[in-house]
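Accompanying notes for the structure given below.
Residue numbers (our numbering): 11 to 313.
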């Protein structure tokens, strides 16, 4: 159950983190230019804690509440097992979980509830005697819980969830929520980010392949063959004089050697780019994924 709470926290928190990253607090391009003094190349205004959070994201209040409850439940269950539930075995609400933490933790000078890293400051690893490189001392991985901001976030989210108002989450509420991921029982957001990026790359590749297949059907086999005969490689490639360029590769959708490679995956096995006939696009993320698969197959073949 503890792992499931961490996964649920990460799933919701990452959705809010992505929306937070995409939200600049400014609407369209004209408003952005005005805010920058008419200079489109000037840096955007510095985000403030009280800036509205993704007002166009439907259901953000419910996602916030869900992430907070799961995150706090995982923390309390790890630090004080059993206290995350009431006498009937039901998991406490987020407010109640914050009260449990407040009962056990002394607030810091800034008012945050600090769950200290039991290992404290860790000594740096020892560098070899002949090395000029020196490791930095690793800081303690304390968990800082801004209970005041989180309770305020619950107040504004409840008004929207229970038809008592429009809500009004702010950046500070999301920042305080994301800070919970520092706790040992969580630390799952980076994994969730990676999973989401992988899933998005797979989905984009499926859409690209579908569009390419539809385009091939539209122009027909004869027209595709005619176009393939006249394709020139836009890359400056020559096996002798410019071997660092990329030759045309075979497209996995139309089967013609018309895939314009714009780069390779990190292992140098699979190219990313676009087919000059069916327009199929293989992204760098998809190339990395396929290259990793080919690398594993190569390792299996060595055994």
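Each residue gets a CB set at the ideal place from its N, CA and C atoms; glycine is no exception.
**Request:** Starting from residue 124, follow its DSSP beta bridges and name the residues at the other end.
**Result:** 154.
**Prompt:** Beta carbon of residue 195, beta carbon of residue 84: below 8 Å?
**Reply:** With a cutoff of 8 Å on beta-carbon distance, residue 195 and residue 84 are scored as near each other.
**Item:** Cβ-Cβ distance between residue 110 and residue 124 below 8 Å
**Value:** Taking 8 Å as the Cβ cut-off, residue 110 and residue 124 do not qualify as a contacting pair.
**Prompt:** Do you know how far the Cα of residue 127 is from the Cα of residue 88?
**Reply:** Between the alpha carbons of residue 88 and residue 127 lies a distance of about 13 Å.
**Request:** Output the residue ranges of the alpha helix (DSSP H) runs that lie fully inside the stretch 215-265 and measure 4 residues or longer, sorted by chain position.
**Result:** Within the stretch 215-265, no complete alpha helix (DSSP H) run reaches 4 residues.
**Prompt:** Would DSSP call residue 306 helix, strand or coil?
**Reply:** Annotated three-state conformation of residue 306 is helix, per DSSP.
**Item:** Residues of its chain near residue 95, where Cβ-Cβ distance is below 8 Å and the 5 sequence neighbours each way are ignored
**Value:** Excluding sequence neighbours, residue 95 sits near 101 and 102.
**Item:** Bridge-paired residues (DSSP) for residue 284
**Value:** Beta-bridge pairing links residue 284 to 270 and 291.
**Asked** Does DSSP classify residue 113 as helix, strand or coil?
**Response** Three-state DSSP puts residue 113 in a helix.
**Request:** Label residue 292 either buried or exposed according to how many other C-beta atoms from any shown protein chain fall within 10 Å of its C-beta, with 16 as the threshold for buried.
**Result:** Classification for residue 292: buried.
**Message:** When you compare the stretch 223-243 with the stretch 296-303, are there three or more beta-carbon pairs, one atom per stretch, that lie closer than 8 Å?
**Reply:** Using a Cβ-Cβ distance cut-off of 8 Å, the stretch 223-243 and the stretch 296-303 are not in contact, since fewer than three pairs of beta carbons, one from each stretch, lie closer than that value.
**Asked** With distances taken from CA atoms, which of 167, 159, 213 and 211 is nearest residue 189?
**Response** The shortest C-alpha separation from residue 189 is found at 159.
**Message:** Suppose the cutoff is 7 Å on Cβ atoms and the five residues either side in sequence are ignored; what does the same chain contact list for residue 25 look like?
**Reply:** For residue 25, same chain residues with a beta-carbon under 7 Å away, outside a window of 5 residues either side, are 73 in chain order.
**Request:** Express the C-alpha separation of residue 198 and residue 207 in angstroms, rounding to a whole number.
**Result:** Here the alpha carbons of residue 198 and residue 207 stand approximately 14 Å from one another.
**Message:** How far does the alpha helix (DSSP H) with residue 278 in it extend, from its first residue to its last?
**Reply:** No alpha helix (DSSP H) contains residue 278, which DSSP labels as neither H nor E.
**Prompt:** In terms of alpha-carbon separation, which member of 22, 213, 271 and 191 lies closest to residue 153?
**Reply:** Ranked by how close their Cα comes to the Cα of residue 153, the residues 22, 213, 271 and 191 have 191 in first place.
**Asked** In its own chain, which residues sit with a C-beta less than 7 Å from the C-beta of residue 193, not counting the 5 before and 5 after it?
**Response** Listed in chain order, the non-local C-beta contacts of residue 193 below 7 Å within the same chain comprise 85, 125 and 153, local neighbours out to five positions each way being set aside.
**Message:** Given a cut-off of 8 Å on the beta-carbon distance, is the pair residue 288 and residue 264 in contact?
**Reply:** Yes, the pair counts as a contact, with Cβ atoms nearer than the cut-off.
**Asked** Would you call residue 71 buried or exposed, if buried means 16 or more other Cβ atoms sit within 10 Å of its Cβ?
**Response** Result: buried.
**Request:** Name, in chain order, the residues that DSSP records as bridge partners for residue 101.
**Result:** DSSP lists 95 as the bridge partner or partners of residue 101.
**Request:** Starting from residue 195, follow the alpha helix (DSSP H) in both directions and report where the run begins and ends.
**Result:** For residue 195, no alpha helix (DSSP H) segment is defined, and its DSSP state is neither H nor E.
**Request:** For residue 268, collect the residues of the same chain with a Cβ closer than 7 Å to its Cβ; drop the 5 residues on either side in sequence, then sort them by chain order.
**Result:** Cβ within range, chain order: 238, 241, 258, 261, 285, 286 and 287.
**Prompt:** Within this structure, are the beta carbons of residue 16 and residue 77 separated by less than 8 Å?
**Reply:** Against a cut-off of 8 Å, the Cβ pair of residue 77 and residue 16 comes out as no contact.
**Message:** Assuming the contact rule is C-beta atoms closer than 8 Å, residue 166 and residue 179 should be a hit. Round their C-beta distance to whole Å, please.
**Reply:** The pair is a contact, with the Cβ atoms about 6 Å apart (cut-off 8 Å).
**Member of 19, 217, 308 and 279 whose CA lies at the smallest distance from the CA of residue 290** = Measuring from the Cα of residue 290, the nearest candidate turns out to be 217.
**Item:** Cβ-based neighbour list, residue 79, same chain, cut-off 6 Å, excluding 5 preceding and 5 following
**Value:** Non-local C-beta neighbours of residue 79 in its own chain, meaning closer than 6 Å and more than five positions away in sequence, comprise 104, ordered along the chain.
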